[in-house]
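J.:
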Amino acid sequence: MIRAEAWGFDGTLSAVGLVAGAFVSALIFREKGPEIMASFVTGAPLMYSISKIGCFLNGCCRGYSYGGPLKVTYDKWGQGSFFPAQLLDVICFFAVFVLAFILASKLKDQIKVSFAVMLISILSRFGVDFFRLSHTDRVISKTQLLMISAFIIVIISFVIVTRINGKRRAG
1 MIRAEAWGFD GTLSAVGLVA GAFVSALIFR EKGPEIMASF VTGAPLMYSI SKIGCFLNGC
61 CRGYSYGGPL KVTYDKWGQG SFFPAQLLDV ICFFAVFVLA FILASKLKDQ IKVSFAVMLI
121 SILSRFGVDF FRLSHTDRVI SKTQLLMISA FIIVIISFVI VTRINGKRRA G
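Anchor point for the sequence shown: position 47 equals 47 in my numbering, and the numbering is continuous, going up by one each time.
1) Run through DSSP, which three-state label would V139 get?
2) May I have the straight-line CA-CA distance separating G17 from Y66, to the nearest angstrom?
3) Are V154 and F115 closer than 8 Å when you measure CB to CB?
4) Under 8 Å: do the region 119-128 and the region 141-151 share three or more Cβ pairs, one atom per stretch?
5) For G132, which residues does DSSP report across the bridge?
6) Could you tell me which of D129, G54, Y74 and D109 sits nearest to S39, measuring between CA atoms?
7) For the alpha helix (DSSP H) that contains Y48, what are its first and last residues?
8) Got a sec? Which residues, its chain only, sit under 6 Å from F83 by beta carbon, not counting five neighbours each side?
9) Below 8 Å between beta carbons: does that hold for L88 and V128?
10) Near D75, which residues of its chain fall below 7 Å by C-beta distance, leaving aside the five closest residues on each side in sequence?
11) Quick one: is L57 buried, meaning 16 or more other Cβ sit within 10 Å of its Cβ, or exposed?
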């Protein structure tokens with residue numbers, strides 16, 4: 001039997017699926033590819049933000065042990081209180097969504113918007129992970145290592161896409 005917890009499914013694979021779907025859609029509808037990609041990518045932080053409300057209500061992916069203001073307790077986890085990391089996710093990624101919406105509506109180059117939103121989302125996820133229970137007693141978590149890898153992949157992809165588009169315009 002495969003246990004999802006052992007794989008660490010935390011929304012990151014959903015983001016990979018979303019971006020892959022966006023790339024495929026952009027390839028199929030080449031004329032509107034950048035706009036399609038931007039529409040997928042700019043909506044992703046909102047979807048993640050809303051999904052974290054469910055995490056907050058369930059108590060999964062909770063924050064580290066914490067007794068300060070805004071502490072949260074869950075009966076099913078026994079004694080103790082936790083930092084509301086899920087609410088931090090909700091606020092942070094809603095802010096990323098608002099920024100993404102503004103960028104998408106103001107800038108002409110939707111490819112740059114897509115890559116900027118991906119990078120901002122990755123950096124946000126990396127930062128918020130410091131507040132999770134899974135980060136306790138670790139310098140860097142598995143999720144943060146995954147975010148570093150994703151950051152590198154997005155940068156490399158941006159360079160490749162920029163060069164391909166530069167050759168198309170020149171040719």
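Idealized CB from N, CA, C, for every residue including glycine.
Values in this document were obtained by computation on a predicted structure and should not be read as measured data.
T.: Taking the geometry as given:
1) Position 139 of the sequence shown, counted from the first residue, corresponds to residue 139. Three-state DSSP puts V139 in coil, outside helix and strand.
2) For the purposes of this step, residue 17 is taken as the residue at position 17 of the sequence shown. For the purposes of this step, residue 66 is taken as the residue at position 66 of the sequence shown. Each residue's Cα considered, the two are about 34 Å apart.
3) Taking the sequence shown and counting its residues from 1, the one referred to as residue 154 is at position 154. Taking the sequence shown and counting its residues from 1, the one referred to as residue 115 is at position 115. Yes. Within cutoff.
4) yes
5) One-based indexing of the sequence shown puts residue 132 at position 132. What sits at residue 132 in the sequence shown is Arg, not Gly. DSSP, once it has assigned bridges, lists G63 as partnering R132.
6) Translated into the one-based positions of the sequence shown, residue 39 becomes position 39. Nearest C-alpha to S39: D109.
7) As a working note, residue 48 is residue 48 in the sequence shown. First-last of the alpha helix (DSSP H) with Y48: G33 to N58.
8) Counting from 1 along the sequence shown, the entry for residue 83 is found at position 83. Contacts found: G63, Y64, Y66 and F131.
9) Within the sequence shown, the letter at position 88 stands for residue 88. Within the sequence shown, the letter at position 128 stands for residue 128. In contact: L88 and V128 (Cβ atoms closer than 8 Å).
10) As a working note, residue 75 is residue 75 in the sequence shown. Within the same chain, D75 has no close Cβ partners at all.
11) The residue given as residue 57 occupies position 57 in the sequence shown. Exposed is the call here.
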